[in-house]
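S.K.:
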Amino acid sequence: MVGEKEFIGTIKDKCSGKSYDINRYVDTMDKLMENVYKTRYGGLFHTQPGNGFLRVDFDVFRDDCWEELEENSLIFKFSNATFENDRHFFGYIKKAFENFLQEKIYKLAPGFQTRMKQVGRVLKPNVLNACKKLCRCWKLREFRDVSTQPATLVRLLDISKRLSSPKLHIPRKPGSKRGPSIYDKEMEAYLLSLLKGAGGINEEKHGNDSRHRSGIQRIFQSLFPGQ
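First residue of the sequence shown: 7, per the numbering used here; consecutive thereafter.
Structure (structure tokens):
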């Protein structure tokens with residue numbers, strides 16, 4: 007973006023009723039929304055919905071972002087905040103867009119949020135608590151004295167292809183409101199095999215922070231796309 011440092015001024019001019027570059031404002035926000043959307047879906051971005059794969063429609067996501075910015079006055083709230091520079095501002099607005107998208111994903115596939123909570127629950131007794139607190143990672147206790155770095159997404163995907171995927175169990179009771187689930191023991195066995203193959207460590211964060219989405223969350227997106 008040309009002249010990024012001036013964009014905060016564009017926002018303040020808009021919100022104070024002054025003349026501003028509306029094309030630049032719209033184009034910049036649209037690019038940020040598109041970037042957030044593509045980053046969130048990664049390698050699944052070009053996958054067509056179907057066969058169990060659900061994806062939030064981009065146009066719907068973009069419309070909701072604009073509604074939040076304009077009709078719900080989010081942009082005015084941002085204009086009243088103090089930012090060091092445009093990069094600082096873009097970081098905040100992208101985080102807001104990421105949160106909007108994540109909320110829509112949870113509504114579309116609530117089972118995925120449950121699945122990631124289960125991951126944390128079954129791994130907790132198997133990993134070093136100090137590593138979770140200090141560097142926000144899952145490091146297996148048996149790798150306590152091993153110096154290693156979290157595996158790349160390519161490495162994790164390669165390992166996952168050699169493992170039997172944990173089975174989704176359908177509720178036996180007809181009409182049950184519970185969706186398909188994975189037994190804790192089966193989830194634990196799968197994750198331990200995955201982590202051992204990855205050198206015993208992987209990043210813990212799995213929300214909508216794009217810096218930490220290259221691990222286990224991506225694996226489950228590929229295993230259970232509709233989740």
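For every residue, glycine included, the Cβ atom is placed at its ideal position computed from N, Cα and C.
Going by other Cβ atoms of all chains shown within 10 Å of its Cβ, with 16 needed for buried, is residue 63 buried or exposed?
M.R.: By the neighbour-count rule (16 or more Cβ atoms within 10 Å), residue 63 is not buried but exposed.
S.K.: What's the call for residue 88, buried or exposed, on a 16-neighbour Cβ count within 10 Å?
M.R.: Flag for residue 88 reads exposed.
S.K.: Could you compute how far the alpha carbon of residue 71 sits from the alpha carbon of residue 153?
M.R.: Answer to the nearest angstrom: the Cα atoms are 43 Å apart.
S.K.: Which of helix, strand or coil does DSSP assign to residue 187?
M.R.: DSSP places residue 187 in strand when its eight states are reduced to three.
S.K.: Does residue 34 pass the burial test, meaning 16 or more other C-beta atoms within 10 Å, or should it be called exposed?
M.R.: Flag for residue 34 reads buried.
S.K.: How many Å lie between residue 177 and residue 123 at the Cα?
M.R.: Spanning the two alpha carbons is a distance of roughly 19 Å.
S.K.: Let me confirm a value: residue 112 is counted as buried when at least 16 other C-beta atoms fall within 10 Å, else exposed. Which label applies?
M.R.: Its Cβ having fewer than 16 others within 10 Å, residue 112 is exposed.
S.K.: So the candidates are 45, 26 and 202; which of them puts its Cα closest to the Cα of residue 132?
M.R.: Considering only alpha carbons, the answer is 202.
S.K.: Going straight from the alpha carbon of residue 104 to that of residue 83, what length do you get?
M.R.: So the alpha carbons of these two residues sit roughly 17 Å apart.
S.K.: In this structure, how does DSSP classify residue 57 when only helix, strand and coil are distinguished?
M.R.: Below a pLDDT of 50, predicted positions are generally treated as unreliable, and residue 57, at 45, falls in that range; the measurement from the model is reported next regardless. If DSSP states are grouped into helix, strand and coil, residue 57 belongs with coil.
S.K.: Quick check: what's the CA-CA separation for residue 144 versus residue 129?
M.R.: Taking the straight line from one Cα to the other gives about 8 Å.
S.K.: Roughly how many whole angstroms lie between the Cα atoms of residue 192 and residue 66?
M.R.: Straight-line Cα distance between these residues: approximately 37 Å.
S.K.: Is the beta carbon of residue 163 sitting closer than 8 Å to the one on residue 200?
M.R.: Not a contact, by the Cβ cut-off of 8 Å.
S.K.: Using 8 Å as the threshold, is the C-beta distance between residue 28 and residue 85 below it?
M.R.: For residue 28 and residue 85, no; Cβs fall outside 8 Å.
S.K.: What three-state label does DSSP hand residue 24 in the structure shown?
M.R.: Reduced to three states, the DSSP call for residue 24 is coil.
S.K.: Check for me: the beta strand (DSSP E) holding residue 145 runs from which residue to which?
M.R.: Run containing residue 145: 143-145, per the beta strand (DSSP E) assignment.
S.K.: Excluding the 5 residues preceding and the 5 following residue 26 in the sequence, name in chain order all residues of the same chain whose CB lies nearer than 6 Å to its CB.
M.R.: So the list reads 16, 19 and 20, once near-sequence residues are dropped.
S.K.: Going by the CB atoms, is the gap between residue 42 and residue 100 shorter than 8 Å?
M.R.: Taking 8 Å as the Cβ cut-off, residue 100 and residue 42 qualify as a contacting pair.
S.K.: Could you have a look at residue 317 and say whether DSSP puts it in helix, strand or coil?
M.R.: Here the chain covers residues 7 to 233 and nothing more, so residue 317 does not appear.
S.K.: For the alpha helix (DSSP H) containing residue 66, name the first residue and the last one.
M.R.: Residues 64-72.
S.K.: Please tell me whether residue 74 and residue 106 are closer than 8 Å, where the distance is taken between their beta carbons.
M.R.: Yes.
S.K.: Return the chain-ordered list of same chain residues with a C-beta closer than 8 Å to the C-beta of residue 98, the five sequence neighbours on each side being excluded.
M.R.: Correct list, in chain order: 84, 87 and 89.
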